[in-house]
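Residue numbers 2 to 319, in this note's numbering, belong to the letters of the sequence shown in order.
We put the CB at the ideal spot given by N, CA and C, even for glycine.
Accompanying notes for the structure given below.
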Amino acid sequence: MATDSTSERKGTAQLTAAMVLSGTLGIFVVESGASPFNVVFFRVLFGALALGAYALARGYFRDHGLTPRKLGLAALGGLFIVFNWVFLFQSYENTSISVATVVYHTQPFYVVLLGALLFRERLTAAKAGWIALAFVGLILVSGVRPSDFTGGDGTYLLGVGQALLAALLYGLSTLVTKRITGVRPHLIALVQVVVGIPLLLPFADFGAMSGTGADWGWLVGLGVIHTGLMYVLMYAAYAQLPTAKIAVLAFTYPAVAMVADWAVYGHHIGLVQALGVPLIVAASLKVTLARQPASAPAPRTAARAPEAASRTATPAEF
């Protein structure tokens, strides 16, 4: 019992640290000064180096469990992941880190809806009701007004749409990745970021990077800290925590993102927008926990690690 308690405390600390790092992601993106495609290209490049070095040091390439089918699924998930990042980072530019992050956090609902649509997974009336409530919250948080549809340049509306599209791509990646078993999540993540390198190469503008200078540090940080270190912390935590705690701690991410956006850039959501946040949080918890009932912490074994990592929506895709 004492060992389980210690393990859960350690997992809680690890996941909290990972979520705090996730919350600072937007600052690194904005401060790099690079275009969204360039940011994601260098994130996957430096992230692949960091994850590859970690997996090599830990001996994860031995008995890796990857088959051609599993490799193909991981690559498909990588396609969705890298373009999910591109749209999310574009949304930062057109709205704000706070609004984009909260809108993006509708991901669990897309997983449920896509599962029902593509794989005939059961969608109960209760789940449908919580999803409807979440989208009421989404409308409030987005701050979109009727005038955004009829006047102006439509930039803000575009940004909200980009965050929603990013969430949809995340949902597709989650459904694909859930079908990979017997492979360490670190290796799945490594495949996904490696796939992103050739995918994004045609869109990267290396000429625009000539004057980047010290801003390279932000890009390296996105790969090493927000991809390498963050993934390692999350996957270690998932193997030690029940789903209920993972679902609750996941909301540290948008909370930190909103505080960071206010502290660094002076951006904050308005009172009416703030009313939508608890609706999304409550609905997300209800849907996530209904989708995956809470269980005792999983044994910390190599066989359980991939399973633990897929028990809930992971911000590793952020």
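- PHE43 sits close to GLY224, with the two beta carbons spaced by under 8 Å.
- 8 Å or more divides the Cβ of HIS268 from the Cβ of SER23.
- About 5 Å separates the CB atoms of VAL177 and LEU77; that is less than 8 Å, so the two are in contact.
- Here THR25 is buried. Its C-beta has 16 or more other C-beta atoms within 10 Å.
- Per DSSP, GLN241 lies in no alpha helix (DSSP H) and is assigned neither H nor E.
- Per the Cβ contact rule, the segment 78-88 is in contact with the segment 158-178 (3 or more Cβ pairs under 8 Å).
- Beta-carbon to beta-carbon, LEU52 and ALA190 are separated by about 6 Å, close enough to satisfy the 8 Å threshold.
- For the 8 Å CB-CB criterion, PRO279 and THR102 do not form a contact.
- GLU9 is positioned such that its CB atom lies closer than 8 Å to that of LEU242.
- For HIS187, the uninterrupted alpha helix (DSSP H) run begins and ends at 186-201, by DSSP.
- With a 10 Å radius around the Cβ and a threshold of 16 neighbouring Cβ atoms, THR107 comes out buried.
- By the neighbour-count criterion, in which 16 or more other beta carbons inside 10 Å mark a residue as buried, GLY60 falls on the exposed side.
- For the beta strand (DSSP E) assignment, the segment 88-166 encloses no uninterrupted run of at least 3 residues.
- The count of Cβ pairs closer than 8 Å, one atom from the segment 32-50 and one from the segment 220-237, reaches three, so the stretches are in contact.
- Non-local C-beta neighbours of LEU74 in its own chain, meaning closer than 8 Å and more than five positions away in sequence, comprise VAL177, THR178, ARG180, ILE181, ordered along the chain.
- Put simply, the segment 82-97 does not touch the segment 232-248. Fewer than three CB pairs are less than 8 Å apart.
- Distance from the CA of SER92 to the CA of GLU122, rounded to the nearest whole angstrom, comes to 30 Å.
- Counting along the chain, the unbroken alpha helix (DSSP H) around PHE38 starts and ends at 37-59.
- A direct Cα-to-Cα measurement between LEU200 and LEU139 gives close to 31 Å.
- In terms of CA proximity to TYR105, ALA167 leads the group ALA167, ASP5, GLN15.
- Here the alpha carbon of GLY34 sits roughly 7 Å from the alpha carbon of ASP216.
- Taking the Cα of LEU16 as reference, the smallest distance to any Cα among ILE247, LEU188, LEU276 is reached at ILE247.
- Out of VAL112, VAL30, ARG185, LEU134, the CA that lies nearest to the CA of LEU67 is found in ARG185.
- Rounded to whole angstroms, GLY155 and ILE82 show a C-alpha spacing of 26 Å.
- The DSSP-derived three-state label of THR178 is helix.
- With contacts defined by Cβ atoms closer than 8 Å, GLY27 and ALA261 form a contacting pair.
- LEU170 places its beta carbon 8 Å or farther from that of MET20.
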